[in-house]
Amino acid sequence: MQCTVAPATVSQLLSNKVDSVLSTYPAEPYQSAFGNSAIKKLLLDYVECKLKQTMPSLETPENWQRLPHYLHQSVDLELHLDSYIYWGIEYIVQNQLDLMLGTKSKAPSWSVQDMTQACVPAHWFG
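Throughout the sequence shown, residue numbering follows my numbering, covering 55 to 180 in sequence.
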């Protein structure tokens with residue numbers, strides 16, 4: 055799946071949402087890890103790709119521009135957005151911690167495709 059860069063207004067909306075979620079996490083290691091703009095961009099790219107997979111009509115630039123409107127009308131889409139942010143944060147921080155602690159023999163993958171495959175929902179509801 056090819057993901058394009060989001061227009062400024064949608065990018066800002068997603069960035070603000072990520073910042074809001076990150077503000078609920080402890081400074082270390084979460085906020086520190088995402089202080090790195092490359093790591094935060096990876097999270098934003100991952101979230102964008104997952105949203106487009108969830109709602110394929112968002113692939114068109116016109117519909118992507120309407121994401122804020124869709125989010126206000128669809129609780130389900132808003133919940134997906136939140137889930138993708140949480141999954142992405144946990145995936146990135148886990149890989150970042152493993153790298154910092156030296157518990158992995160190789161560097162983690164920082165690709166959206168690898169994250170998409172690794173970040174799957176937990177089914178703990180019964």
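Backbone N, C-alpha and C fix where the C-beta goes; we use that ideal spot for every residue, glycine too.
Straight-line gap, Leu125 to Glu82 (C-alpha atoms, nearest Å): Their Cα atoms are separated by approximately 30 Å.
Length of the line joining the Cα atoms of Gln148 and Tyr84: C-alpha separation (whole angstroms): 10 Å.
Burial state of Leu96, where buried means 16 or more other Cβ atoms lie within 10 Å: Classification for Leu96: buried.
Same chain, Cβ closer than 6 Å to Leu35, neighbours up to 5 away in sequence not counted: Residue numbering for the chain in the displayed model covers 55 to 180; residue 35 lies beyond these limits and cannot be assessed.
Beta-carbon separation (whole angstroms), Leu135 vs Lys94, contact threshold 8 Å: Not confirmed; about 16 Å, so no contact.
Best match in Gln127, His123, Leu105 for proximity to Ser137 [C-alpha to C-alpha]: For the residues Gln127, His123, Leu105, the minimum Cα distance to Ser137 belongs to Leu105.
Straight-line gap, Ala92 to Ser77 (C-alpha atoms, nearest Å): Going from the Cα of Ala92 to the Cα of Ser77 covers about 18 Å.
Residue span of the alpha helix (DSSP H) that contains Thr108, given as start and end: Per DSSP, Thr108 belongs to the alpha helix (DSSP H) from 91 to 108.
Cα-Cα separation, Gly180 to Leu131: Note that Gly180 has pLDDT 39, beneath the 50 cutoff, so the model's placement of it is unreliable and no number is given.
CA-to-CA distance, His123 to Gln107, given in whole angstroms: Annotation: Gln107 to His123 spans about 18 Å, alpha carbon to alpha carbon.
Proximity test, Cβ basis, 7 Å: Tyr84 and chain D: Checking the listed chains, one finds no chain D in this structure; it contains a single protein chain.
Cβ-Cβ separation, Ala87 to Ile146 (assumed contact under 8 Å), whole Å: For Ile146 against Ala87, the beta-carbon gap comes to about 7 Å, under 8 Å, which counts as contact.
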